[in-house]
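One structure is given below, encoded as structure tokens.
Residue numbers (the working numbering), protein chains in the order written: chain A, 30 to 288; chain B, 3 to 360; chain C, 25 to 301.
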């Protein structure tokens, strides 16, 4: 069946709209003009050199990476059993618990960030890095639970039941049968949660502190004072990395199913 | 690369990165010595992130080297840093905080900063009089002076000579002013009042002018980069600007000129304060004294980072013209009482929002 | 006996996660939320809510936020349906490629994403340059710091969510249904509205809900593209909290945001034919 032209036109416009800005920012990052405007003039890699030479960007990149990985791992370890329970069991108060587990995605990030800042100060002396990690873990929870749930839903419990009836303990069946079968879901959850953490602004805004800042916060802070293609260059690097991760995740796992 | 190897890779990566801090803890703390009594200690400073590389070179690194201490910084704008300081009030981790005057005043009111001990800051003797105690009660030291300037595009508009000129029709759609929540927001209301026949205690006429100007503004800008972007994109032909962003505005390459209007300009200090409850009180004082020293003030001025308050700093003309420097300019600056401004803040923001939410 | 063991495993499965969220999310949040019900004199009161709700500026901003969310949602539906429909018809490999492009705006740092629009919508950005080359405008049009700029920024962020939901809903519509409708003499447009839309209604409702509520709470986009002149609920909340240090008023705004979101979720759920979780 042939698709009508108007359909193709709308779709093309949608994609230009969605992707165009990223191409734009990529183009201006090579402009030798210190002013960002269109069309870009000349060609230089100077903005990339500058961005990579700013020490604060390098140190905050590592903070973001470490926080993201640790928080994602924790959110998965805590989230997988929750998702499993919600798919396999019916119990009283399930709706309430489901609301609890999805609420970090509903409450505005700024409120979460501020509440946690107050709380961490109240219980005193929680190091800033740890507070940041705990806060990120909390906001990643809904993502891991949701993604793992949807992948569990697709995995029929029959094999697991069979394993149990063949004498395997439920715990053993979980590790031997369930986990391997939802591998794609786990990796997808990991990638999505990590990206969410890596890009987070509102929660990090409050939970960063002396000596501990994340990359997006540092970028925003830089943008308060400077308006030059350094941010374009840095953004381009991040965008390219994101494209690589997303493309390979889509190829291997069909990650868009889980978003 | 299969799914399994992706998983394996992720697991190894997480493990390595999570364990890394454990290994990094091995460093030994250096012990204090007779000539370096603070050696091995850590001083935490809350400051703006602007020109960080130059601040490290001119201010932080020399201090670390001289006293053998380690400096940790928290960077961000006034409001973000203030919020964190207030939230950690009972258990502060910051020792010295930089703020704009209004925010320092608020910090003083909420008991977040403590009075300094002048005996521990000998360099106070070498700085200009109004910088020594801008808040009263010795809560803060002005370590640099700034002003709100006024610039225009010489190729687009006729020279501005008065704050009244902001209402000229040729500026309609090409004007921006600082938002009321910024350091110099209230100053605009004061200056417009003064220009149009009111004064600092009677700002009704100023507010009337703000309401008239509102539709002709591109936007009210929230930070200097926003103004910079507006200038570069030729969205703005004239605007009041914060003196430290003058270099960036000139770098836009357009013909711009700064003027001293007949009603004068607005001056202010960036201040440094000792945080209340700090465990490093002596070191905090030592740092503030360092900040006021001739060497630091000179180096900061020569790199066009901060205008000096040190009376001994003499600058070449080509440097001085880019800073808040020189008797002629300083004589034209108004300094407002932070207490008065702070008392009006909530009302003024509400009033401003009402005008702009239409 | 069976029940007891199930209870035991439930506690084991749910225990750690629940405790974590309780300690590091719910308790801190409730503590801050409860403060909005306490007056300066320490007495329980709804006065803070009244003060915010009767404020003319708050009402303006609230209406504006809802209006922009509505516009974004409507455009997202009309742009999302054809896109999702076409993607459905593609070869799996092509579809996967487009899918990874669709989700890119969701995956990219909000700072980088929004920053790009400053360059595009500026006075000398590509849009104005194109318009003037085509001779359609004499003077560059002001686009930054308008409601339009925020709507564009939000649309780029949330259109993908609409497309994703529609794609997954359309995947459940059997091909034969469409073919049958066509062979029964219905034309393409008629088939689309009478057969495809009702069968993918679930995904549509889900998409509408997520896009609309996302628009209400989005912060970075309106902050950068709207500036100080065009406030939304989220940027107004930040102003109250971080500039005025009025955390109670900010919390009230947050509660209004959360309630609006919850009400929307509940209302939209009624429209969904199959009640999925």
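Heads up, the beta-carbon is just placed ideally off N, CA and C, and yes, glycines get one too.
- Is there at least one Cβ from chain B nearer than 8 Å to residue 122/A's Cβ? Position 93 of the first chain, counted from the first residue, corresponds to residue 122/A. Taking Cβ atoms only, chain B never reaches closer than 8 Å to residue 122/A, which makes this a no.
- Message: Taking 8 Å as the threshold (beta carbon to beta carbon), is residue 175/C in contact with chain B?
- Response: Locating residue 175/C in the third chain gives position 151, counting from the first residue. Not an interface residue.
- DSSP-derived helix/strand/coil call for residue 275/B: As a working mapping, residue 275/B is identified with position 273 in the second chain. Reduced to three states, the DSSP call for residue 275/B is strand.
- Message: Taking beta-carbon pairs under 9 Å, can you tell me which members of the stretch 166 to 198 of chain A lie near chain D?
- Response: Of the protein chains in this structure, namely A, B and C, none is chain D.
- Query: For the candidate residues 355/B, 254/B, 174/B, whose alpha-carbon lies nearest to that of residue 209/B?
  - Reply: Along the second chain, read from residue 1 onward, the residue named residue 209/B stands at position 207. Nearest of 355/B, 254/B, 174/B to residue 209/B, Cα basis: 355/B.
- Residue closest to residue 146/C, alpha-carbon to alpha-carbon, out of 261/C, 248/C, 225/C, 48/C: Counting from one through the third chain, the residue named residue 146/C turns up at place 122. Nearest C-alpha to residue 146/C: 248/C.
- Query: Taking C-beta to C-beta, are residue 260/B and residue 151/B nearer than 8 Å?
  - Reply: For this step, residue 260/B is matched to residue 258 along the second chain. For this step, residue 151/B is matched to residue 149 along the second chain. In this structure, residue 151/B lies closer than 8 Å to residue 260/B by Cβ.
- Bounding residues of the alpha helix (DSSP H) (the contiguous stretch that carries residue 44/A): Taking the first residue of the first chain as 1, we reach residue 44/A at position 15. Unbroken alpha helix (DSSP H) run through residue 44/A: 34 to 57.
- Item | One or two residues paired with residue 201/B in a DSSP bridge | Stepping through the second chain from its first residue, residue 201/B is reached at position 199. Paired residues: 204/B.
- Backbone CA spacing between residue 45/C and residue 52/C [nearest angstrom]: Mapped onto the third chain, residue 45/C falls at position 21. Mapped onto the third chain, residue 52/C falls at position 28. Distance between the alpha carbons of residue 45/C and residue 52/C: 10 Å.
- Item | Limits of the unbroken alpha helix (DSSP H) element including residue 106/C | The residue you call residue 106/C lines up with position 82 of the third chain. First-last of the alpha helix (DSSP H) with residue 106/C: 80 to 112.
- Message: Since residue 124/C and residue 285/A should fall inside the 8 Å C-beta cutoff, what is the C-beta to C-beta distance between them, to a whole number of angstroms?
- Response: Position 100 of the third chain, counted from the first residue, corresponds to residue 124/C. Position 256 of the first chain, counted from the first residue, corresponds to residue 285/A. Indeed, because the Cβ distance is near 7 Å, the residues count as touching under 8 Å.
- Pick out whichever of 95/C, 101/C, 76/C has its Cα sitting closest to the Cα of residue 190/C. Within the third chain, residue 190/C is the residue found at index 166, counting from 1. Selected option, being the one with the closest Cα: 101/C.
- Item | Pair within 8 Å by beta-carbon distance, residue 149/B and residue 335/B | By one-based count along the second chain, residue 149/B stands at place 147. By one-based count along the second chain, residue 335/B stands at place 333. Closer than 8 Å, so yes.
- Of the residues 54/C, 110/C, 181/C, 64/C, the one placed nearest residue 136/A, counting alpha carbons only: Residue numbering aside, residue 136/A sits at position 107 when the first chain is read from its first letter. Ranking the options by Cα distance to residue 136/A, first place goes to 54/C.
- Task: Grab me the residues of residue 61/A's own chain with a C-beta within less than 7 Å of its C-beta, minus the 5 sequence neighbours each way, in chain order.
- Result: On the first chain, position 32 is the one that residue 61/A refers to. Closer than 7 Å at Cβ, skipping near neighbours: 70, 71, 72, 73.
- Task: Give a yes or no on whether 8 Å exceeds the smallest Cβ distance from residue 359/B to chain C.
- Result: Taking the first residue of the second chain as position 1, residue 359/B is located at position 357. Output row for residue 359/B: interface = yes.
- Message: Determine whether the beta carbon atoms of residue 9/C and residue 194/C lie at a separation below 8 Å.
- Response: Shown here, chain C extends from 25 to 301; a query on residue 9/C therefore has no answer.
- Query: At what residues does the beta strand (DSSP E) containing residue 108/B begin and finish?
  - Reply: One-based indexing of the second chain puts residue 108/B at position 106. Element bounds for residue 108/B: not the beta strand (DSSP E) but the alpha helix (DSSP H), 103 to 111.
- Query: Quick one: is residue 34/A buried, meaning 16 or more other Cβ sit within 10 Å of its Cβ, or exposed?
  - Reply: By one-based count along the first chain, residue 34/A stands at place 5. With fewer than 16 Cβ atoms within 10 Å of its Cβ, residue 34/A is classed as exposed.
- Message: Is the separation between the beta-carbon of residue 177/B and that of residue 220/B shorter than 8 Å?
- Response: Along the second chain, one-based indexing puts residue 177/B at 175. Along the second chain, one-based indexing puts residue 220/B at 218. Yes.
- Item | CB of residue 205/A within 8 Å of CB of residue 197/A, strictly | In the first chain, the residue the question calls residue 205/A occupies position 176. In the first chain, the residue the question calls residue 197/A occupies position 168. Going by C-beta atoms, residue 205/A is nearer than 8 Å to residue 197/A.
- Query: First and last residue of the alpha helix (DSSP H) that includes residue 292/C?
  - Reply: Within the third chain, numbered from 1, the residue matching residue 292/C stands at position 268. 271 to 295 is the span of the alpha helix (DSSP H), which, as asked, contains residue 292/C.
- Over what stretch of residues does the beta strand (DSSP E) that includes residue 119/C continue unbroken? Along the third chain, one-based indexing puts residue 119/C at 95. From DSSP, residue 119/C is part of no beta strand (DSSP E) but of the alpha helix (DSSP H) over 116 to 126.
- residue 277/B to residue 96/B, Cα distance in whole Å? Position 275 of the second chain, counted from the start, is the residue given in the question as residue 277/B. Position 94 of the second chain, counted from the start, is the residue given in the question as residue 96/B. Whole-angstrom Cα-Cα distance: 7 Å.
- Could you have a look at residue 76/B and say whether DSSP puts it in helix, strand or coil? Counting from one through the second chain, the residue named residue 76/B turns up at place 74. Strand, per DSSP.
- Query: Does any residue of chain B bring its CB to less than 8 Å from the CB of residue 229/A?
  - Reply: Here residue 229/A corresponds to residue number 200 of the first chain, with the count starting at 1. With 8 Å as the cut-off, residue 229/A does not count as an interface residue toward chain B.
- Query: Under a Cβ-count criterion, where at least 16 other Cβ atoms within 10 Å of its own Cβ denotes burial, should residue 204/C be classed as buried or exposed?
  - Reply: For this step, residue 204/C is matched to residue 180 along the third chain. Exposed.
- Query: Taking all protein chains shown into account, do 16 or more other C-beta atoms lie within 10 angstroms of the C-beta of residue 91/C, making it buried, or fewer, making it exposed?
  - Reply: Taking the first residue of the third chain as 1, we reach residue 91/C at position 67. So residue 91/C ends up on the exposed side.
- Message: Residues of the stretch 87 to 118 of chain B in Cβ contact with chain A at a cutoff of 9 Å, in chain order, please.
- Response: 89, 90, 91, 92, 93, 95, 96
- Query: Using Cβ-Cβ distances below 7 Å, what residues of the stretch 63 to 86 of chain B are close to chain C?
  - Reply: 81, 82, 85
- Query: Does any CB atom of chain B fall closer than 8 Å to the CB of residue 150/A?
  - Reply: Here residue 150/A is taken as the residue at index 121 of the first chain, counted from 1. It does; some Cβ of chain B falls within 8 Å.
- Would you list the one or two residues that DSSP bridges to residue 232/B? To locate residue 232/B, count along the second chain from 1; it is residue 230. None; residue 232/B has no bridge partner.
- Going by CA-CA distance only, name the one from 326/B, 197/B, 74/B, 304/B that's closest to residue 318/B. In the second chain, the residue the question calls residue 318/B occupies position 316. Out of 326/B, 197/B, 74/B, 304/B, 304/B has the C-alpha closest to the C-alpha of residue 318/B.
- State the beta-bridge partners of residue 222/B as determined by DSSP. Locating residue 222/B in the second chain gives position 220, where the first residue counts as 1. 179/B.
- Query: Buried or exposed: residue 156/B, going by 16 or more other Cβ atoms within 10 Å of its Cβ?
  - Reply: Along the second chain, one-based indexing puts residue 156/B at 154. With fewer than 16 other Cβ atoms within 10 Å, it is exposed.
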